[in-house]
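K.L.:
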Amino acid sequence: MEYVPHDRTNANHAPEAGADEGSAGAGGRLRRAPVQRRSAERLTRILDSCAALLDEAGYEQLTTRAVASRAGVPIGSVYRFFDNKRALVDALARRNLDHYAERVTDRFAALEPGDWRGAVDVVLDEYLAMKRTVPGFGSVDFGADLGPAARGRGAGRGRGA
Numbered sequence: 042m043e044y045v046p047h048d049r050t051n052a053n054h055a056p057e058a059g060a061d062e063g064s065a066g067a068g069g070r071l072r073r074a075p076v077q078r079r080s081a082e083r084l085t086r087i088l089d090s091c092a093a094l095l096d097e098a099g100y101e102q103l104t105t106r107a108v109a110s111r112a113g114v115p116i117g118s119v120y121r122f123f124d125n126k127r128a129l130v131d132a133l134a135r136r137n138l139d140h141y142a143e144r145v146t147d148r149f150a151a152l153e154p155g156d157w158r159g160a161v162d163v164v165l166d167e168y169l170a171m172k173r174t175v176p177g178f179g180s181v182d183f184g185a186d187l188g189p190a191a192r193g194r195g196a197g198r199g200r201g202a
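Start counting the sequence shown at 42; every next residue gets the next number (the working numbering).
1) Note down the Cα distance separating D182 from E167, rounded to an integer number of angstroms.
2) Quick check: the Cα distance between A172 and G179, rounded to an integer number of angstroms?
3) So what does DSSP say about L133, is it helix, strand or coil?
4) Using beta-carbon positions only, say whether R148 and V164 come within less than 7 Å of one another.
5) Mapping DSSP to helix, strand and coil, what is S110?
6) What residue from R121, D96, G99 and L103 has the CA that sits closest to L84's CA?
7) Any chance the stretch 97 to 107 sits against the stretch 133 to 145, with 3 or more Cβ pairs inside 8 Å?
8) DSSP on L95, reduced to helix/strand/coil?
9) When the Cα atoms are used, what is the spatial distance from V114 to D156?
10) Relative to the C-alpha of D131, which residue among Q77, G177 and R78 is closest?
11) Buried or exposed for A34, going by 16 or more other Cβ atoms inside 10 Å?
12) Alpha carbons only, please: which of A109, R144 and A142 is nearest the one belonging to I87?
13) Going by C-alpha to C-alpha distance, which of Y100, V161 and V175 sits closest to N125?
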């Protein structure tokens, strides 16, 4: 399944062909949104590769070149969507949040109205399930807080490092 980012501020989130959305560092927005299926599939491969590399080596060892190589795309394809590795990781966090929201929303539909304990269980269950099963989620869940290494202060891997 290819990932097409969801813009929570605009219901008409798909830009026209050739439109520029600005820096990908701003909340996980892309420099250029995919227009064709082939481009959306390429974006998905890039984000999947980023997630796998985060699990394997951590943020400080992550490079856009390594992501491109793992995804089987030219480095220019990564820079078409993202300004830098931080913007790439921000987009991964945004994708995680979108998937989490979809999963929680689907499960909420089965709850009885007013079942707040059930709602809390759903929220926690889905978070823990994604932490265990979604590549990269252990390092970057929704907020892309990667610890001191991401801020340029020392080493560390993942959250709480």
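All residues carry an ideal CB built from backbone N, CA and C; glycine is no exception. All values derive from a computational prediction rather than experimental measurement.
P.N.:
Once the coordinates are examined:
1) Taking the sequence shown and counting its residues from 1, the one referred to as residue 182 is at position 141. Taking the sequence shown and counting its residues from 1, the one referred to as residue 167 is at position 126. Whole-angstrom Cα-Cα distance: 12 Å.
2) Numbered from 1 along the sequence shown, position 131 holds the residue referred to as residue 172. Numbered from 1 along the sequence shown, position 138 holds the residue referred to as residue 179. Per the sequence shown, residue 172 should be read as Lys rather than Ala. Going from the Cα of K172 to the Cα of G179 covers about 5 Å.
3) By one-based count along the sequence shown, residue 133 stands at place 92. Here L133 sits in helix by DSSP.
4) The residue given as residue 148 occupies position 107 in the sequence shown. The residue given as residue 164 occupies position 123 in the sequence shown. No, these two residues do not count as a Cβ contact at 7 Å.
5) On the sequence shown, residue 110 is found 69 positions in, with the first residue counted as 1. Correct three-state label for S110: helix.
6) Position 43 of the sequence shown, counting from 1, holds the residue named residue 84. Answer by Cα proximity: R121.
7) Taking 8 Å as the limit for Cβ pairs, the verdict is that the stretch 133 to 145 does not touch the stretch 97 to 107.
8) As a working mapping, residue 95 is identified with position 54 in the sequence shown. When DSSP states are grouped into helix, strand and coil, L95 belongs to the helix group.
9) Counting from one through the sequence shown, the residue named residue 114 turns up at place 73. Counting from one through the sequence shown, the residue named residue 156 turns up at place 115. Roughly 47 Å between the two C-alpha positions.
10) Along the sequence shown, read from residue 1 onward, the residue named residue 131 stands at position 90. For the residues Q77, G177 and R78, the minimum Cα distance to D131 belongs to G177.
11) Because the chain in this structure spans residues 42 to 202, residue 34 falls outside the shown range and cannot be described.
12) Within the sequence shown, the letter at position 46 stands for residue 87. Per the Cα distances, A109.
13) By 1-based counting over the sequence shown, the position of residue 125 is 84. The shortest C-alpha separation from N125 is found at Y100.
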